[in-house]
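In the working numbering, the protein residues as written are 183 to 481. Beta carbons: idealized from backbone N, C-alpha and C, even for Gly. All values reported here derive from a predicted model rather than from experimental measurement. Right, one structure below, let's go through it.
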Amino acid sequence: MKKCVIFSDCDLDGIGSYLVFKWLTNLKVEHHICSQSNFRRTYSAWMKKANPDTYDKIYIFDLDVSQNCTDLIDRKNVTIIDHHDSHVQNKHVYKKARAIVEPYSSCCKLMYKLLKTKHPDRELTQEQKTLVLMVDDYDSYELKLKNSYNMNVVLWNYVGDRAQQFERDFGNGFKGFNQTHLNMIHLNNKKVARVISELDVYHGMIPISGKKYKIYATMASENLNEVAHYVVDSFDCDICMVINLKTSRVSFRKNKNRIPDLDLGKLATTIAEGGGHINSAGGKLNEKVMTLTKMLQPV
183 MKKCVIFSDC DLDGIGSYLV FKWLTNLKVE HHICSQSNFR RTYSAWMKKA NPDTYDKIYI
243 FDLDVSQNCT DLIDRKNVTI IDHHDSHVQN KHVYKKARAI VEPYSSCCKL MYKLLKTKHP
303 DRELTQEQKT LVLMVDDYDS YELKLKNSYN MNVVLWNYVG DRAQQFERDF GNGFKGFNQT
363 HLNMIHLNNK KVARVISELD VYHGMIPISG KKYKIYATMA SENLNEVAHY VVDSFDCDIC
423 MVINLKTSRV SFRKNKNRIP DLDLGKLATT IAEGGGHINS AGGKLNEKVM TLTKMLQPV
């Protein structure tokens, strides 16, 4: 049997990609989760305990590792599958590793497409397909499906190994939430209401490619997606920026109805040394971001 290991993003899309891989390959794989910002640290720590040469395949899912990790992962036994626009532009950096990097609504859905092409005789159950659709709906931030938002709430309210607990509860697909999940969702809704009630919001104009956009900003250290969603929905703005002082990170969301074509992934790459999707992105709280905040006035 092949010896395989997977490194995936710690979010819903990364863990969903891992599950789709397991479902359609029937392989038993070692799995580690991390974020793009701490991938190098996580991978280096793993290398001290394991010898990469002893693995038939090392997979990296839903992580743009093109910036400063090629010295570690550009190997013949490495396969990278990702959908981030910033990664698409940099996939040429790999000389030995196999990089399947395509602009797609989610890595989970891209994984499903790739593996169904390779294994046309294998099929997912209806519950497994539902989970793929929910992961894709949340990661693209379309939020058209009833339970996709709450599934992400459940994931981030696990205590301990999130990937292991998510696989325990949804390893066979989505069949509904149990009472523990419903309690998590209820408590999260109360916490979101408290966080939103304490927000200070700032606003201004930002020039991008010859156009000016209304940007609203606030600071939060938890429930960042909910905070951004609230600001976009509640204020007449084009872009929302949420600054997390605890992690020195910044997140961007936009009003898709007002500015459907503006690519936030490119914006985050330009001003925050980050990246992401057309509708949501993130990066570092750097000097450029701090300069931008000085242009804003309190609402």
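Residues near residue i by beta carbon distance below 8 Å, same chain, minus five either side
i: F203; result: I188, L209, V211, Y241, F243, M293 and L297
i: L444; result: I390, Y395, D420, I421, K436 and I460
i: D267; result: P285, D445, G447, K448, G457, G458, H459 and I460
Local conformation of residue i per DSSP, three classes
i: M293; result: helix
i: Q308; result: helix
i: A463; result: strand
i: P302; result: coil
i: I367; result: helix
i: P234; result: helix
i: D318; result: helix
i: S545; result: Past the edges of the chain, shown from 183 to 481, lies residue 545, and the structure says nothing about it.
i: G458; result: strand
i: Y241; result: strand
i: N339; result: helix
Own chain, CB closer than 6 Å to residue i, minus 5 neighbours either side, in chain order
i: R435; result: A410, V414, C422 and S462
i: D191; result: D244 and L245
i: F348; result: I197 and L337
i: K470; result: I453
Spatially closest choice to residue i from the options, by CA coordinates
i: D343; options: I197, M477, C186 and K326; result: I197
i: V260; options: V270, R223, L327 and C186; result: C186
i: Y398; options: S391, I378 and C419; result: C419
i: H213; options: R223, N220 and W228; result: W228
i: E309; options: G465, E469 and L201; result: L201
i: L254; options: A279, H301 and Q271; result: A279
i: D264; options: R257, K258 and K273; result: K273
i: L467; options: S219, W205 and L206; result: S219
i: S322; options: D195, T475, M183 and Q346; result: D195
i: W205; options: T475, N354 and Y225; result: N354
i: N332; options: Q346, L306, V341 and H363; result: H363
i: I282; options: K328, S248 and A232; result: S248
i: K258; options: Q271, K239 and H269; result: K239
i: Q271; options: T475, T451 and T473; result: T451
i: I388; options: N339, R222 and T473; result: T473
Rounded distance between the beta-carbons of residue j and residue i, thought under 8 Å
i: I441; j: V432; result: The pair is not a contact, with the Cβ atoms about 18 Å apart (cut-off 8 Å).
i: L478; j: G386; result: 4 Å
i: L313; j: F356; result: 4 Å
i: L369; j: S403; result: Wrong, their Cβ atoms sit about 17 Å apart, outside the cutoff.
i: T252; j: Y276; result: 7 Å
Contacts around residue i, its chain only, beta-carbon distance under 7 Å, and the 5 residues preceding and following it disregarded
i: N217; result: Sequence check: residue 217 is Ser here, not Asn. Contacts found: D191 and C192.
Q.
With a threshold of 8 Å, are at least 3 pairs of Cβ atoms found where one atom belongs to the segment 276-291 and the other to the segment 307-322?
A. yes
**Q.** Validate contact between the segment 369-381 and the segment 401-409 using beta carbons, cut 8 Å, 3 pairs
**A.** yes
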